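The structure appears below as structure tokens.
There are 2 protein chains.
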Amino acid sequence: MPRRLPDKHAPGGFRPLARQRHIHILSQLAAAGTVQVGPLARDLGVSEMTIRRDLVDLEQEGRLTRIHGGALDTGTNRRTVIDRDEPLFEARLQRQHGAKQRIAAAAARLAAGCKTIALDVGSTTLLLARQLHGENQAKIFTNSLRIAADLAAHAAEVYLPGGRMRRDEMSIGGRTAVEQFQDLWFDIAFVGVSGITTGGIFDYSFEDVDMKRVYLRRSSIKAVLCDASKFDRMSLVHIAPLSGFDILITESPPPPHIAKALAEAGVRVDIVAGAD
Amino acid sequence: MPRRLPDKHAPGGFRPLARQRHIHILSQLAAAGTVQVGPLARDLGVSEMTIRRDLVDLEQEGRLTRIHGGALDTGTNRRTVIDRDEPLFEARLQRQHGAKQRIAAAAARLAAGCKTIALDVGSTTLLLARQLHGENQAKIFTNSLRIAADLAAHAAEVYLPGGRMRRDEMSIGGRTAVEQFQDLWFDIAFVGVSGITTGGIFDYSFEDVDMKRVYLRRSSIKAVLCDASKFDRMSLVHIAPLSGFDILITESPPPPHIAKALAEAGVRVDIVAGAD
DNA sequence: ACAAGATTTCGCACAAATTCAAACACGTTC
DNA sequence: GAACGTGTTTGAATTTGTGCGAAATCTTGT
């Protein structure tokens with residue numbers, strides 16, 4: 131039989147040991163996210179069957195996920211397969227990212243020193259949560275699993291209500307959840323909206339509105355986070371009139387008629403200057 | 131065979147003995163991370179058998195890890211590419227991964243068709259959750275945020291209790307949480323443990339035990355997931371006696387005295403055959 | 001959109017090659 | 001001569017490669 135292997139008994143060139151192959155595979159995986167059986171076999175100078183056996187081993191160790199033709203990084207797997215809706219959410223996180231980041235930063239300054247903080251579901255509030263990593267003596271209440279998971283690694287005390295989880299937003303809603311939070315009292319609450327008009331604030335999510343109302347009803351400072359794209363936009367559900375909250379944090383001045391209505395309702399408007 | 135050693139067997143001096151070879155092996159190891167028997171034998175001018183004996187010695191001293199064909203630096207073994215945000219949890223997920231995976235698969239078969247499923251906190255139960263992605267008409271109850279997040283993208287209805295989140299495990303515990311689940315009734319509950327003896331099952335986490343007890347009290351089928359490393363290990367908190375659950379799913383037969391106690395307690399033992 | 005065929009990939013089974021470890025032989029040192 | 005380290009032989013264990021049928025994926029045609 132003809133030898134297809136590159137000269138393996140060359141003095142300097144060692145043929146790959148099982149463990150060396152494993153390391154090579156994992157590093158390729160870390161670099162590219164995926165590997166294929168064919169190229170790996172060529173790179174390492176062994177047969178495809180051997181590569182397959184390596185992949186089986188590594189999968190059993192949980193280091194990768196095998197697929198037809200190769201394997202995926204477990205991390206990549208998590209991004210692509212498990213979080214099917216993540217692109218959606220990530221996209222929303224990217225949209226107006228600069229503005230949201232500045233709004234979140236301003237909100238974090240407002241929350242400094244507060245002992246009990248309520249955080250609504252949403253991309254802006256998630257950014258806010260990340261700014262709160264330092265506030266390790268505050269109790270933070272949220273119905274967003276994303277926010278809770280993000281805060282978990284840090285010093286804050288996090289509390290969640292119980293109930294059914296919404297798939298797309300990874301939030302907890304429903305009667306039970308509302309009941310659990312409506313007896314509490316927060317120093318400050320941050321609520322996201324999907325629209326604001328002279329008539330009040332709106333959201334497109336039916337399920338989350340009840341919780342937003344609780345946040346606004348049960349806190350000393352009621353802050354609404356809202357980038358400029360939300361002005362004059364109505365949405366599915368009316369959350370509250372403009373008099374239902376105290377502070378609006380946004381990144382550019384609202385149109386005159388809304389500014390006037392806000393002033394009449396006694397709402398303080400914080401505008402964070404935009405650099406870009 | 132011609133002697134390739136530089137003749138150091140001069141009468142007064144010491145010979146190139148084990149000690150020198152060991153040093154050479156270790157320095158090679160430090161440089162490359164791995165060594166192979168053949169090249170070492172050639173470099174040092176000794177037989178492969180001698181190298182093997184050296185490697186055995188060095189392994190006994192804990193300086194390296196022997197593998198087929200050579201040896202690995204003890205550090206290289208571990209120092210691969212994974213380190214994500216949760217070293218602790220990820221590490222636990224890796225440990226005994228094959229066994230846990232098989233246990234999870236068996237558990238998933240057991241849960242097939244159940245309408246209400248309770249999942250405890252833990253790495254094995256997380257793997258089980260991933261196997262339940264198909265069960266989209268089941269309601270799944272869990273106090274683990276990790277499990278909830280993992281199931282979010284898929285078809286299941288997921289319910290969480292409310293309460294304070296534990297940072298390390300990302301689980302929800304406390305009186306409130308327990309109260310919310312203790313009025314429910316589950317078709318089947320899966321509980322993880324950190325130890326099992328003739329006296330019952332144990333866990334090291336003070337906070338999660340109450341919830342485990344609720345799961346076991348409030349379900350028709352009470353299943354305990356347990357890899358073989360847990361046998362005869364006691365832990366901080368006693369969860370329940372052996373009579374407190376119905377099925378033990380494990381990957382290798384328990385030692386005789388535990389098997390006897392399990393039989394007397396009426397516990398069915400499911401052993402999932404190990405392939406590796 | 002669905003089904004049939006073509007192509008690739010998979011994984012089992014067995015053979016070949018490599019590696020391991022035990023047992024014994026040899027040489028050196030004390 | 002006993003103790004020790006090393007080399008060699010030999011049979012077992014491990015690993016790897018190849019052939020081939022089965023399964024999965026892709027392509028094509030209607």
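Chains A and U are the protein sequences, given in the same order. Remember, this note's numbering sits 130 above the position in the first sequence when you count from 1. Remember, this note's numbering sits 130 above the position in the second sequence when you count from 1. Here a beta-carbon is modelled for each residue, glycine too, at the ideal position from N, C-alpha and C. Keep in mind that this is a model prediction, so the values were computed, not measured.
| Item | Value |
| --- | --- |
| Any chance you could list the alpha helix (DSSP H) runs of at least 4 consecutive residues sitting entirely within the segment 165-208 of chain U, in chain order? | 167-174, 178-190 and 204-208 |
| Using three-state DSSP, classify A:K390 as helix, strand or coil. | helix |
| Taking U:D338 as part of the alpha helix (DSSP H), name the residues at either end of that continuous run. | F336 to R347 |
| Along chain U, which residues have their Cβ under 7 Å away from the Cβ of A:I302? | L290 |
| In the structure shown, what three-state DSSP assignment does A:T328 receive? | coil |
| Does DSSP put U:H227 in a helix, in a strand, or in coil? | helix |
| Within 10 angstroms of its Cβ, does U:M179 collect 16 or more other Cβ (buried), or is it exposed? | exposed |
| So with CB distances below 7 Å, who are the chain U contacts of A:E287? | R294 |
| For U:A238, which residues in the same chain have their Cβ closer than 7 Å to its Cβ, ignoring the five residues on either side in sequence? | L258, Q261 and L262 |
| Between U:L378, U:R297, U:G396 and U:F271, which lies nearest to U:I326 when the distance is taken from Cα to Cα? | U:L378 |
| Mapping DSSP to helix, strand and coil, what is A:G303? | strand |
| In whole angstroms, what is the alpha-carbon distance linking A:R182 and A:R305? | 51 Å |
| In its own chain, which residues sit with a C-beta less than 6 Å from the C-beta of U:R151, not counting the 5 before and 5 after it? | L174 and D184 |
| Residues of chain A with CB closer than 8 Å to the CB of U:A307, please, in chain order. | G292 |
| What three-state label does DSSP hand A:H152 in the structure shown? | helix |
| Would you mind sorting U:R296 into buried or exposed? The rule is 16 or more other CB atoms within 10 Å of its CB. | buried |
| Would U:I197 count as contacting chain A if we go by Cβ distances under 8 Å? | yes |
| If you draw a straight line from the C-alpha of A:L355 to the C-alpha of A:T195, how long is it? | 40 Å |
| Does the beta carbon of A:E191 come closer than 8 Å to any beta carbon on chain U? | yes |
| Is it buried or exposed for U:P386, if we count other Cβ within 10 angstroms and need 16 for buried? | exposed |
| Hey, would you say A:L256 sits closer than 8 Å to A:I270, going by beta carbons? | no |
| Whole angstroms are fine: how far does the CA of A:R172 sit from the CA of A:I197? | 19 Å |
| Which bits of chain U does A:L275 rub up against, with CB to CB less than 9 Å? | L275, A278, A279, A282 and L290 |
| Is it the case that the Cβ atoms of A:D357 and A:K230 are separated by a distance below 8 Å? | yes |
| Which chain A residues sit within Cβ distance under 7 Å of U:H154? | Here the premise fails: no neighbours, minimum Cβ distance about 16 Å. |
| Anything in chain U within Cβ reach of A:L147, meaning under 8 Å, just list it in chain order. | T164, Q166, I197, H198, G199 and G200 |
| With DSSP collapsed to three states, give me the class of A:A395. | coil |
| Candidates A:A391, A:L188 and A:G243: which alpha carbon is nearest A:Q267's? | A:G243 |
| What number of angstroms, rounded off, separates the C-alpha of A:A283 from the C-alpha of U:L275? | 13 Å |
| Would you say U:V402 faces chain A, with C-beta separation under 8 Å as the test? | no |
| Excluding the 5 residues preceding and the 5 following U:I155 in the sequence, name in chain order all residues of the same chain whose CB lies nearer than 7 Å to its CB. | V165, L170, D184 and L188 |
| Look at the alpha carbon of U:T272 and the alpha carbon of A:R294, and state the distance between them as a whole number of angstroms. | 11 Å |
| Since U:A389 contacts U:L372 with CB under 8 Å, what's their CB separation in whole angstroms? | Not quite, the Cβ-Cβ distance comes to about 11 Å (not below 8 Å), so this is no contact. |
| Tell me, please, whether the CB atom of U:R297 is closer than 8 Å to any CB atom in chain A? | yes |
| If you measure from the beta carbon of U:H227 to each beta carbon in chain A, is any gap under 8 Å? | yes |
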